[in-house]
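> Chains as they are written, first to last, in this note's numbering: chain D, 14 to 210; chain B, 38 to 266.
All residues carry an ideal CB built from backbone N, CA and C; glycine is no exception.
A single structure is presented below for examination.
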Amino acid sequence: MAVFSPGFRGRRRSTNPALPPGQYEEHGFPVLSAGITPRIREDDWRFSLTTTSGESREWSWADMMALGPETISTDIHCVTSWSKFGTSWRGVSVDKFLDSVGADAPYVMAGCYGGYSTNLPMEDLRGGKAWVAFEFDGEPLRPEHGGPARLLVPHLYFWKSAKWVNSLTLMEHDRAGFWESLGYHMHGDPWLEERYR
Amino acid sequence: MAAIRPETPTARTLVLDAPELGSTVAGQHIDIRLTAEDGYTAQRSYSLASATGARPVEVTVERFEDGEVSPYLVEDVGIGDPLEIRGPIGGWFVWRREQEEPVQLVAGGSGIVPLMGMIRTHAAVGSTAPFRLLYGVQDPDRRYYRDELVRLVGPGLRVDVRYSRRAPDGLPVGRIGAAELATLALSPEQQPTIYVCGPTGFVEAIADGLLRLGHAPERIRTERFGPTG
Numbered sequence: 014m015a016v017f018s019p020g021f022r023g024r025r026r027s028t029n030p031a032l033p034p035g036q037y038e039e040h041g042f043p044v045l046s047a048g049i050t051p052r053i054r055e056d057d058w059r060f061s062l063t064t065t066s067g068e069s070r071e072w073s074w075a076d077m078m079a080l081g082p083e084t085i086s087t088d089i090h091c092v093t094s095w096s097k098f099g100t101s102w103r104g105v106s107v108d109k110f111l112d113s114v115g116a117d118a119p120y121v122m123a124g125c126y127g128g129y130s131t132n133l134p135m136e137d138l139r140g141g142k143a144w145v146a147f148e149f150d151g152e153p154l155r156p157e158h159g160g161p162a163r164l165l166v167p168h169l170y171f172w173k174s175a176k177w178v179n180s181l182t183l184m185e186h187d188r189a190g191f192w193e194s195l196g197y198h199m200h201g202d203p204w205l206e207e208r209y210r
Numbered sequence: 038m039a040a041i042r043p044e045t046p047t048a049r050t051l052v053l054d055a056p057e058l059g060s061t062v063a064g065q066h067i068d069i070r071l072t073a074e075d076g077y078t079a080q081r082s083y084s085l086a087s088a089t090g091a092r093p094v095e096v097t098v099e100r101f102e103d104g105e106v107s108p109y110l111v112e113d114v115g116i117g118d119p120l121e122i123r124g125p126i127g128g129w130f131v132w133r134r135e136q137e138e139p140v141q142l143v144a145g146g147s148g149i150v151p152l153m154g155m156i157r158t159h160a161a162v163g164s165t166a167p168f169r170l171l172y173g174v175q176d177p178d179r180r181y182y183r184d185e186l187v188r189l190v191g192p193g194l195r196v197d198v199r200y201s202r203r204a205p206d207g208l209p210v211g212r213i214g215a216a217e218l219a220t221l222a223l224s225p226e227q228q229p230t231i232y233v234c235g236p237t238g239f240v241e242a243i244a245d246g247l248l249r250l251g252h253a254p255e256r257i258r259t260e261r262f263g264p265t266g
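The structure is reproduced here in structure tokens:
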């Protein structure tokens with residue numbers, strides 16, 4: 014049963030049906046991260062994918078560009094309860110990395126420069142729902158927002174869109190990433206309010 | 038709501054009787070959810086200012102001009118009113134009493150709140166870990182917890198405050214920069230664990246400054262708030 018807050022009306026800044034429960038619309042772009050901001054040059058950037066049998070494939074920045082970037086327009090939702098509508102990105106679909114290795118597994122751990130990690134079900138990464146993104150609003154992605162490249166999985170809470178991503182490791186069984194091991198949800202669907210476990 | 042304490046003209050501390058809330062650790066936060074009579078809800082996260090395990094729990098809320106939840110919490114809600122809370126949340130930006138290493142705290146504005154929870158815990162358990170606080174604030178009227186911090190200063194806690202817009206007579210005006218981090222903060226050789234909390238720009242600048250001084254990235258924990266535009 015809801016606890017009513019006497020006299021609270023709220024600002025109702027958005028009645029947009031695209032706003033998941035418990036979220037508010039933000040026009041800035043807040044930054045949330047657990048530690049310092051890594052500074053990685055595009056020339057030094059590497060991205061790897063490792064299968065469950067331990068085979069690994071690596072891409073440089075140029076290799077990634079050769080896979081064919083696309084433009085993405087999407088809403089994003091942070092677990093700290095802000096949402097931002099109509100953000101514009103460029104990135105390479107995670108499908109393209111997975112297809113070029115031809116491997117499959119039910120779960121994936123994303124790893125990052127700086128040591129951050131987050132776990133995702135494969136079905137949330139496949140089918141044009143996830144990207145390695147390197148541009149925001151027509152500009153190179155800034156380091157504090159995860160540049161040079163971050164994972165973009167906009168249909169899940171934004172901590173799943175790992176900043177400074179540099180690896181995907183396929184897993185037979187789900188394992189908790191950084192925030193997940195500290196009590197955040199293993200899946201993170203904003204429409205189901207999967208914030209915490 | 039068990040009690041209310043004003044901290045500054047734009048912030049107050051809410052003392053919350055929350056018997057069902059699980060055990061808390063300094064640095065964690067809670068979510069406060071407000072529900073209007075027609076079912077409309079809004080929720081935000083607030084850091085605990087109270088010490089590990091302390092009851093009742095306390096949060097200090099700064100009123101944001103364009104805010105939706107904070108004006109209600111700072112101006113409208115009263116003693117005895119119910120508040121829906123959830124938590125505690127977070128296990129990274131925390132200080133635990135078992136930690137024996139030196140600790141450097143760096144606060145920008147209302148970023149002092151979770152760090153105050155750590156300072157209160159440090160005092161309550163009689164920890165021998167050396168603590169230092171470097172606190173950046175716009176002007177003297179915006180300082181939180183002034184009297185209590187003055188009282189807690191001693192061999193185990195050093196506090197330095199810097200004013201970025203208006204300082205008390207005789208004190209300089211300026212932001213916390215490389216010079217302050219080099220002279221007032223614990224040095225890299227002392228291998229402190231460092232907690233930085235404040236607005237995004239503040240945290241970015243401080244974290245970069247700490248790295249340039251040679252502090253190890255894995256010893257720096259950050260918590261940020263506010264949009265970057």
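Using a beta-carbon distance below 8 Å, is B:Ala-216 in contact with chain D?
For the purposes of this step, residue 216 of chain B is taken as residue 179 along the second sequence, with counting starting at 1. Not one chain D Cβ lies under 8 Å of B:Ala-216.
> Helix, strand or coil, according to DSSP, for B:Leu-179 in the structure here?
The count along the second sequence starts at 1 and reaches residue 179 of chain B at position 142. Residue identity check: residue 179 of chain B is Arg in the sequence provided, not Leu. B:Arg-179: helix per DSSP, three-state reduction.
> Quick one: is D:Tyr-37 near chain B, going by C-beta distance under 8 Å?
By 1-based counting over the first sequence, the position of residue 37 of chain D is 24. Chain B, which has a Cβ nearer than 8 Å to the Cβ of D:Tyr-37, makes this yes.
> How is B:Gly-266 classed by DSSP in three states: helix, strand or coil?
Mapped onto the second sequence, residue 266 of chain B falls at position 229. Interpretation of B:Gly-266 is limited by its pLDDT of 33, a score under 50 that renders its predicted location unreliable; the figure taken from the coordinates is listed afterwards. Coil.
> Less than 8 Å between the C-beta atoms of B:Ala-244 and B:Ile-257, yes or no?
The residue given as residue 244 of chain B occupies position 207 in the second sequence. The residue given as residue 257 of chain B occupies position 220 in the second sequence. Cβ distance < 8 Å, so B:Ala-244 and B:Ile-257 count as in contact.
> Starting from the beta carbon of D:Ala-162, find every residue of chain B whose beta carbon is closer than 8 Å, and list them in chain order.
Translated into positions along the first sequence, residue 162 of chain D becomes position 149. Residues of chain B passing the Cβ test: none, with the nearest at roughly 19 Å.
> Verify whether the separation of the beta carbon atoms of B:Thr-97 and B:Val-140 is less than 8 Å.
Position 60 of the second sequence, counted from the start, is the residue given in the question as residue 97 of chain B. Position 103 of the second sequence, counted from the start, is the residue given in the question as residue 140 of chain B. Their beta carbons are not under 8 Å apart, which means B:Thr-97 does not touch B:Val-140 by this criterion.
> Any residues in the region 133-167 of chain B with a beta carbon nearer than 7 Å to a beta carbon of chain D? Which ones, in chain order?
Flagged: no residues at all.
> If you run the structure through DSSP and keep just helix, strand and coil, what is B:Tyr-109?
Looking up residue 109 of chain B in the second sequence gives position 72. Looking at B:Tyr-109 - three-state DSSP - the assignment turns out to be helix.
> Out of B:Ala-166, B:Gly-211, B:Arg-49 and B:Asp-103, which one is the CA nearest neighbour of B:Gln-228?
Here residue 228 of chain B corresponds to residue number 191 of the second sequence, with the count starting at 1. When each option's Cα is compared against that of B:Gln-228, the closest is B:Ala-166.
> Which residue from B:Arg-100, B:Gly-128 and B:Gln-136 puts its Cα closest to that of B:Glu-44?
For this step, residue 44 of chain B is matched to residue 7 along the second sequence. Answer by Cα proximity: B:Arg-100.
> In three-state terms, what does DSSP make of D:Ile-89?
Residue 89 of chain D sits at position 76 when you count from the first residue of the first sequence. Note: D:Ile-89 maps to strand in three-state DSSP.
> Where does the unbroken beta strand (DSSP E) through D:Ala-146 begin, and where does it stop?
Here residue 146 of chain D refers to the residue found at position 133 when the first sequence is read from its first residue. Segment 144-149, the beta strand (DSSP E) holding D:Ala-146.
> Could you tell me which of B:Ala-219, B:Ile-69 and B:Pro-177 sits nearest to B:Pro-209, measuring between CA atoms?
Indexing the second sequence from 1 puts residue 209 of chain B at position 172. Minimum Cα distance to B:Pro-209 is reached at B:Pro-177.
> Spatial neighbours of B:Arg-202 within its chain, please: CB distance less than 6 Å, with the 5 preceding and 5 following residues excluded, ordered by chain position.
Taking the first residue of the second sequence as position 1, residue 202 of chain B is located at position 165. So the list reads Gln-175 and Asp-176, once near-sequence residues are dropped.
> Assign B:Ile-231 to one of three DSSP states: helix, strand, or coil.
Locating residue 231 of chain B in the second sequence gives position 194, where the first residue counts as 1. Strand at B:Ile-231.
> What span of residues does the alpha helix (DSSP H) with D:Asp-76 cover, start to end?
The residue you call residue 76 of chain D lines up with position 63 of the first sequence. Run containing D:Asp-76: 74-79, per the alpha helix (DSSP H) assignment.
> Can you name the residues of chain D whose CB is closer than 7 Å to the CB of B:Ala-79?
Counting from 1 along the second sequence, the entry for residue 79 of chain B is found at position 42. Within chain D, the residues near B:Ala-79 are Gly-23 and Tyr-37.
> With 8 Å set as the bound, which would you pick, yes or no: does the beta-carbon of B:Gly-266 sit closer than that to a beta-carbon of chain D?
Walking along the second sequence from the start, residue 266 of chain B turns up at place 229. Because B:Gly-266 sits at a pLDDT of 33, beneath the cut-off of 50, its placement in the model cannot be relied upon, and the following sentence gives the value as read from the coordinates. B:Gly-266 counts as touching chain D.
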